[in-house]
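Residue numbers (our numbering): 13 to 149.
Backbone N, C-alpha and C define an ideal beta-carbon position, used for all residues, glycine too.
It should be emphasised that the depicted structure is a prediction, and the values quoted were computed from it without experimental measurement.
Read through the structure below, which is laid out as structure tokens, and then see the notes.
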Ligand SMILES: [Zn+2]
Ligand SMILES: [Zn+2]
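Here's what the structure looks like:
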């Protein structure tokens with residue numbers, strides 16, 4: 013029962029594929045240390061959905077790492093790509109990595125969180141709201 017496809021994406025090796033039936037209700041840069049380390053990048057760049065809006069086409073390789081008591085970070089066990097983030101306390105929501113999209117230009121982050129730990133040399137020239145802390149552990 014897959015009606016309307018808004019977005020498609022997946023991991024680097026292609027074993028994990030997903031579609032979404034809606035555009036994300038939010039998208040953000042998360043500059044927390046855990047997102048930096050987990051993604052191996054400047055920040056976690058996440059888009060947020062209701063869990064039922066994400067349809068996994070294939071997810072056998074998807075594994076989750078418990079990075080805190082409640083946080084679950086999904087990645088491909090074959091190629092290592094960062095795919096998802098969820099909080100067990102809010103099981104109706106699921107975040108996906110914007111960079112996992114086939115066309116990541118379709119989703120633009122609109123705010124920054126955990127800018128307390130933003131890399132000192134990182135310059136992002138936008139007018140987005142900046143929050144020193146909040147969410148995503
Ligand atoms: Zn993979
Ligand atoms: Zn984070």
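N- and C-terminal bounds of the alpha helix (DSSP H) containing residue i
| i | result |
| --- | --- |
| residue 47 | 45-51 |
Proximity below 7 Å, CB of residue i to CB of residue j
| i | j | result |
| --- | --- | --- |
| residue 54 | residue 31 | no |
| residue 79 | residue 35 | no |
| residue 66 | residue 24 | no |
| residue 98 | residue 70 | no |
| residue 84 | residue 50 | no |
Residue interval of the beta strand (DSSP E) (run including residue i)
| i | result |
| --- | --- |
| residue 95 | 94-99 |
| residue 59 | 56-62 |
| residue 77 | 74-78 |
| residue 84 | 83-88 |
| residue 29 | 29-32 |
Whole-number beta carbon distance between residue j and residue i, since they are thought to touch under 8 Å
| i | j | result |
| --- | --- | --- |
| residue 108 | residue 37 | That pair is no contact at about 12 Å. |
| residue 112 | residue 89 | So it is not a contact: roughly 15 Å between Cβ atoms. |
7 Å Cβ cutoff, residue i in contact with chain D
| i | result |
| --- | --- |
| residue 42 | Protein chains in the displayed structure number just one, and chain D is not present. |
Tell me, please, whether the segment 122-129 touches the segment 26-46 by the rule of three or more beta-carbon pairs shorter than 8 Å. Three or more Cβ pairs drawn from the segment 122-129 and the segment 26-46 lie within less than 8 Å of each other, which places the two stretches in contact.
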